[in-house]
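Position 225, counted from 1, in the sequence shown is what this note's numbering calls 232; the numbers after and before it change by one each time, with no gaps.
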Amino acid sequence: MTAYLIRRLWQTIPTLAGVVLLVFFLFKYFGGDPAEILGGLNASPEQIDAIRQQLGLNEPVWQQLWIFVQRIVTFDWGQSWATNEPVASLFASRLPATLTVMVPILLLDVLLAIPFALGVAYVRGSLTDRSIMVVTTIALSISFLVYVIVGQYFFAFRLGWFPVQGWSDSLWTNLTVYTPLPVLLAVMVGLAPQTRLYRTFFLDEIGQDYVRTARAKGLTETRILLKHVLRNAMIPILTNLSVALPGIFVGSFLIEVFFSIPGLGREVLLAVNRSDYPVIQAVTIYIAVITMAINVATDVLYKMVDPRVVLK
């Protein structure tokens with residue numbers, strides 16, 4: 008296992024290098040002139056040239072790339088162009104709010120979708136199964152924005168169960184007052200597609216020969232589903248989670264905007280609107296690193312779930 012992890016981490020270096028080069032050249036040649044963005048419309052040529060000198064834009068391309076790599080390694084992205092706040096401090100102060108929303112969404116997605124899909128697979132072909140599939144199909148066709156608007160109106164405005172917006176310095180207050188509604192809506196959005204997908208995984212396993220053998224041995228359907236089908240279906244489920252996890256992270260950005268949660272998402276969207284390159288570059292690189300780390304962790308989980316998996 009240790010040798011495999013070392014190889015996998017070594018293999019991520021070329022991928023990360025490609026991401027770094029792509030981000031660097033995209034922002035350099037297609038993102039506009041940072042000096043003109045910072046200087047504004049009324050800046051004189053002398054002021055723009057001074058900004059260029061300050062940012063190192065007059066240096067050779069290889070030297071600018073080296074500075075960019077140094078920022079990645081040292082986690083020092085300089086100052087935000089919009090707020091003049093150090094990017095590292097901005098991330099450190101906004102990340103707890105993002106995790107407060109994202110972690111419950113991820114846990115509830117997994118803890119609800121898997122048993123629910125397994126239950127649907129158990130009653131496969133029945134009226135209940137067909138009804139749930141119709142409901143999930145309808146739910147898939149509804150925009151996330153509709154969920155947010157209806158949820159805020161019904162649960163917050165009409166029933167008064169949750170505040171529409173707000174945040175607190177207390178983690179407990181945030182978990183019990185401000186995050187339940189956005190988490191509930193996000194889970195409702197994700198439950199429909201995951202139920203359909205996981206149900207397919209379970210049905211594929213139910214049709215395998217080992218399930219028929221288990222039935223022939225006299226095992227109950229419940230035992231077959233929990234002991235055999237669930238375990239064998241965890242491989243594609245883990246694959247789906249590894250692909251969806253970065254999307255959950257990005258999706259939490261939209262939730263933060265709709266519910267005025269002071270997390271990374273709102274800062275990223277503000278940075279895009281303001282052309283705040285240091286913040287955008289940092290987020291892009293970090294999401295790429297998180298995605299690669301998730302892929303490595305998923306490979307390890309494959310081995311833990313199914314010992315027959317050989318890591319090469």
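In this text, a Cβ means the ideal position worked out from N, Cα and C, and glycines have one as well. In this text the structure is predicted, and so the values were computed from the model without any measurement.
Give the DSSP bridge partners of residue i, in chain order.
i     : result
Gln86 : Pro93
With DSSP collapsed to three states, give me the class of residue i.
i      : result
Phe31  : helix
Arg14  : helix
Phe266 : coil
Pro67  : coil
Ile244 : helix
Asp56  : helix
Gly167 : coil
Leu261 : helix
Gln172 : coil
Ser100 : helix
Ser249 : helix
Leu226 : coil
Val130 : coil
Going by CA-CA distance only, name the one from the options that's closest to residue i.
i      : options                       : result
Ile262 : Gly158, Met140, Gln201        : Gly158
Val80  : Leu245, Lys35, Ala99, Leu23   : Leu23
Phe31  : Asn239, Val76, Ser150         : Val76
Ser267 : Pro170, Gln215, Gly25         : Pro170
Gln172 : Leu210, Pro269, Ala99         : Pro269
Leu2   : Leu198, Leu134, Thr19         : Because the chain here runs from 8 to 319, residue 2 falls outside it and cannot be looked at.
Ile149 : Asn181, Trp88, Thr183, Met195 : Met195
Leu28  : Trp73, Thr9, Pro52            : Trp73
Phe34  : Pro285, Ile13, Ile297, Ala300 : Pro285
Let's see if you can read the secondary structure: which residues bound the alpha helix (DSSP H) around residue i?
i      : result
Asn280 : 271-281
Leu188 : 187-213
Ile301 : 284-312
Ala223 : 216-223
Arg137 : 134-147
Leu152 : 151-158
Checking contacts by CB at 8 Å: is residue i closer than that to chain C?
i     : result
Leu33 : The structure shown contains no chain C; it is built from a single protein chain.
Would the C-beta of residue i count as close to the ligand ADP, meaning under 7 Å from any of its heavy atoms?
i      : result
Val194 : Among the ligands in the structure shown, none appear at all, so the ligand ADP cannot be discussed.
| request: Could you say if the region 191-202 and the region 138-155 meet the contact criterion of at least three C-beta pairs nearer than 8 Å? | output: A contact exists between the region 191-202 and the region 138-155.
| request: Take every Cβ of the region 117-135, pair it with every Cβ of the region 228-241, and state whether three or more of those distances are shorter than 8 Å. | output: Yes, they touch.
| query | Contact between the region 149-165 and the region 275-283: three or more CB pairs below 8 Å? | reply | Cβ pair count under 8 Å is below three, so no.
| message | Below 8 Å, how does it come out for the region 102-114 and the region 66-86: are there three or more Cβ pairs, yes or no? | response | No: the two stretches stay apart, fewer than three of their Cβ pairs being nearer than 8 Å.
| Between the region 300-312 and the region 234-251, do at least 3 Cβ pairs fall closer than 8 Å? | In the pairwise beta carbon analysis, the region 300-312 is classified as touching the region 234-251: at least three pairs are separated by under 8 Å.
| Hey, is the region 111-121 in contact with the region 181-194, meaning 3+ C-beta pairs nearer than 8 Å? | Three or more beta-carbon pairs drawn from the region 111-121 and the region 181-194 are found closer than 8 Å, and the two stretches are therefore classed as touching.
| Should the region 86-94 be called in touch with the region 284-296, which here means at least 3 C-beta pairs below 8 Å? | With the cut-off at 8 Å, the region 86-94 and the region 284-296 touch.
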